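Chemist: Below is a structure I'd like to ask you about.
Residue numbers (our numbering): 169 to 779.
Written out as structure tokens, the structure reads:
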């Protein structure tokens, strides 16, 4: 089927959507991305970039206070001899305890506004939205869990200090800080969530919420201000022209960018998470693909490494829910945890853990699009110590050869007069100058009209998946094809919005090429388990057949067979093995269902069953 008509039919669904995200086109579109000039999308000033819903713009109680009453006071500007900040205004008393006047003000910290009270959908996990500025006048907003006020609250002060709030060092003033936060009663209430991503019609990020719900504002609440390493530099135009556009014609690079756009589409289409792993020798160009993808959301620090525990991976997944999670150097993962890592990240749910009183803690949840890189596959690590990689794990983390086969490593095309290495260096340099715009701009487009975006993405995904899936394919192949198709749909939508600088069909062509590579390496369009079963039986008999089986025709004169599992008889077509049933179940079929192994062997005529 011709590629261009396929995408064109799908893109016809975007007739009311913008083709570029230019102000003139945006005003006429149903999926216009909110923002200013094309070159300034996502380039707002720090105080605007960290903005919350309009309803959280002001705190609650600002009325006049009666005289000679012990109270906290927020002085937002220096007034006379008093510098700006939060003060405790105590009172003086005579011997009888009667209030006689106002005590000298105690300065607690720089201006700190308690803008809202928060709680989750179940009425628990209460918190406060804290708003303040650092010395550079950059605004900071942190939805702090109230549990941080317990005890000496050192963790609270550490987070505020790290974000640039100036706090008094006097012990009494430090103690008053927690009293101030707890006593404030702002009139605004909001719902807090503990993972990023879609929550109703709002998309929650660590420091801002895009869109909003009909009922109340939604804010991300965490014990630490730090979250996913989102950040911005340069411009969206610069990223499109110097990073994304040069990737055209290189299927692996284009697929990596599409993965970044596909992350926010998971929740919108109610699809499970999963990921792609670029496998290849050092110097192939894997790190370049990961750097290009990371630049969609932030600086180099947005990407992480596999060197982590299961708990650490849970935390990273929660911080990157409905976003892109990048993990490099897969060989660093503990082989004992490698096999479960794919299930953990793709299934979107953490372990059930008990609290001190024996009750269970809330289970962490997420949806992530994972992009991985390494010199070996996850299956190679999982099997290092005798383990086995299950088909479900391989389907969740799709292994793709990084070498595109064009003699240029990961690349298939480089600019004229430029080597593959120079091209890689140029891309990496560009990602250091322009980052953090494309992913957020794409999310803004989705948030502007989620219903229309969902319909367009679903139609494109289904069209591409229908073309990719071979006839009579097994369910595992269909699942993988749908994930490739999701990346194609997200890339095509981003292209229609002018975010990539690619021609229509570029994303789809990259998905086709990489899917074909995966299918060729897999070797079958059926389920992988029968192939793995036959491979295991073949490997076992090749390694142990004649050493642990006694020669049928010469067993009386044959040397003693240690750990015997049966007999073998030589023939013109090779040996025939007679395996004892218990040894067959326990060793030959180890890790598989015995009946399934028998069916697989019977399907190719490799077993004679007893009557």
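For glycine and all other residues, C-beta sits at the position ideal for the given N, C-alpha and C. On a predicted model such as this, the values are computed, not experimentally measured, just so you know.
Do residue 636 and residue 654 have their C-beta atoms closer together than 9 Å?
Modeler: No, the Cβ-Cβ distance between residue 636 and residue 654 is not below 9 Å.
Chemist: DSSP puts residue 281 in a beta bridge; with which residues?
Modeler: DSSP output for residue 281 lists 299 as bridge partner(s).
Chemist: Measuring CB atoms only, is the segment 385 to 395 touching the segment 637 to 653, in the sense that at least three cross pairs come out at less than 8 Å?
Modeler: No: fewer than three Cβ pairs fall under 8 Å.
Chemist: For residue 446, report the span of its beta strand (DSSP E) as first-last.
Modeler: First-last of the beta strand (DSSP E) with residue 446: 442 to 447.
Chemist: Nearest to residue 317 by alpha carbon, out of 284, 346, 765?
Modeler: When only C-alpha atoms are compared, the closest one is 346.
Chemist: Do residue 288 and residue 371 count as a contact pair if the criterion is CB distance below 9 Å?
Modeler: No. Outside cutoff.
Chemist: Could you tell me the distance, in whole angstroms, from the CA atom of residue 850 to the CA atom of residue 760?
Modeler: Because the chain spans 169 through 779 in this model, residue 850 falls outside it and cannot be assessed.
Chemist: Have a look at residue 769 and residue 744 and give me their C-alpha separation to the nearest angstrom.
Modeler: Computed Cα separation, rounded: 14 Å.
Chemist: Pick out whichever of 297, 455, 581, 606 has its Cα sitting closest to the Cα of residue 354.
Modeler: The residue with the shortest Cα to Cα distance from residue 354 is 297.
Chemist: For residue 619, does the count of other Cβ atoms within 10 angstroms reach 16, so buried, or fall short, so exposed?
Modeler: The residue is exposed, with fewer than 16 neighbouring Cβ atoms inside 10 Å.
Chemist: Report the residue from 272, 244, 267 whose alpha carbon sits nearest the alpha carbon of residue 305.
Modeler: Looking at the Cα atoms, 244 is the closest of the given residues.
Chemist: Nearest CA to the CA of residue 308: which residue from 376, 337, 578?
Modeler: Comparing Cα-Cα distances from residue 308 to each of 376, 337, 578, the minimum goes to 376.
Chemist: If we count the other Cβ atoms within 10 Å of its Cβ and call it buried at 16 or more, is residue 432 buried or exposed?
Modeler: Burial call: buried.
Chemist: Give me the Cα-Cα distance between residue 466 and residue 771, rounded to the nearest whole angstrom.
Modeler: Each residue's Cα considered, the two are about 52 Å apart.
Chemist: So the beta strand (DSSP E) residue 752 belongs to, where does it begin and stop?
Modeler: Run containing residue 752: none; DSSP gives neither H nor E here.
Chemist: Hey, could you find the ends of the beta strand (DSSP E) residue 260 is sitting in?
Modeler: Per DSSP, residue 260 belongs to the beta strand (DSSP E) from 259 to 261.
Chemist: Quick one: using the 10 Å Cβ neighbour count with 16 as the cut-off for buried, is residue 374 buried or exposed?
Modeler: It counts as buried.
Chemist: Going by DSSP, what residue range makes up the beta strand (DSSP E) through residue 540?
Modeler: 537 to 542 is the extent of the beta strand (DSSP E) around residue 540.
Chemist: Using the Cβ count rule (16 or more neighbours within 10 Å means buried), how would you classify residue 777?
Modeler: It is exposed - the Cβ of residue 777 has fewer than 16 other Cβ atoms within 10 Å.
Chemist: For residue 549, count the other beta carbons within 10 Å of its own beta carbon; 16 or more makes it buried, fewer makes it exposed. Which is it?
Modeler: When all chains shown are included, residue 549 counts as buried.
Chemist: For a quick check, are the C-beta atoms of residue 471 and residue 427 less than 9 Å apart?
Modeler: Contact flag unset, no.
Chemist: Near residue 236, what residues of its chain come up, given a Cβ to Cβ distance below 7 Å and the 5 sequence neighbours on each side ignored?
Modeler: Cβ neighbours of residue 236 beyond the five flanking positions: 259, 267, 269, 270.
Chemist: Buried or exposed for residue 418, please, with buried defined as at least 16 other CB atoms from any protein chain shown within 10 angstroms of its CB.
Modeler: Classification for residue 418: buried.
Chemist: Which residues bound the beta strand (DSSP E) around residue 312?
Modeler: Per DSSP, residue 312 belongs to the beta strand (DSSP E) from 307 to 313.
Chemist: Taking the alpha carbon of residue 657 as the reference point, which residue from 356, 282, 350, 430 has its own alpha carbon closest?
Modeler: With distances taken between Cα atoms, residue 657 lies closest to 430.
Chemist: Assign residue 494 to one of three DSSP states: helix, strand, or coil.
Modeler: If DSSP states are grouped into helix, strand and coil, residue 494 belongs with the strands.
Chemist: I'd like the list of long-range same chain contacts for residue 713, defined as Cβ closer than 8 Å, with 5 residues on each side in sequence excluded.
Modeler: Answer for residue 713: 736, 743, 745, listed in chain order.
Chemist: Using 10 angstroms around the beta-carbon of residue 169, count the other beta-carbons present and answer buried if the total reaches 16, otherwise exposed.
Modeler: Unreliable placement is indicated for residue 169, whose pLDDT of 41 sits below 50; the coordinate value is still reported in the next sentence. Residue 169 comes out exposed.
Chemist: Ignoring anything shorter than 3 residues or poking outside the segment 599 to 676, list the beta strand (DSSP E) runs there in chain order.
Modeler: The qualifying runs do not exist here; there are none.
Chemist: Cutting at 7 Å between CB atoms, please list the residues of its own chain near residue 837, excluding the five before and the five after it.
Modeler: Because the chain in this structure spans residues 169 to 779, residue 837 falls outside the shown range and cannot be described.
Chemist: Could you tell me whether the Cβ atoms of residue 357 and residue 286 are closer together than 9 Å?
Modeler: Contact: yes.
Chemist: In angstroms, rounded to a whole number, what distance separates the CA positions of residue 451 and residue 572?
Modeler: Straight-line Cα distance between these residues: approximately 13 Å.
Chemist: Mark residue 519 as exposed unless 16 or more other C-beta atoms lie within 10 angstroms of its C-beta, in which case mark it buried.
Modeler: Its Cβ having fewer than 16 others within 10 Å, residue 519 is exposed.
Chemist: Go ahead and label residue 592 buried or exposed: buried means 16 or more other beta carbons lie within 10 angstroms of its beta carbon, across all protein chains shown.
Modeler: Counting Cβ neighbours within 10 Å, residue 592 comes out buried, since at least 16 surround it.
Chemist: Could you check whether residue 669 and residue 409 sit closer than 9 Å to each other, using their CB atoms as the reference points?
Modeler: Yes. Within cutoff.
Chemist: In angstroms, rounded to a whole number, what distance separates the CA positions of residue 406 and residue 706?
Modeler: Computed Cα separation, rounded: 55 Å.
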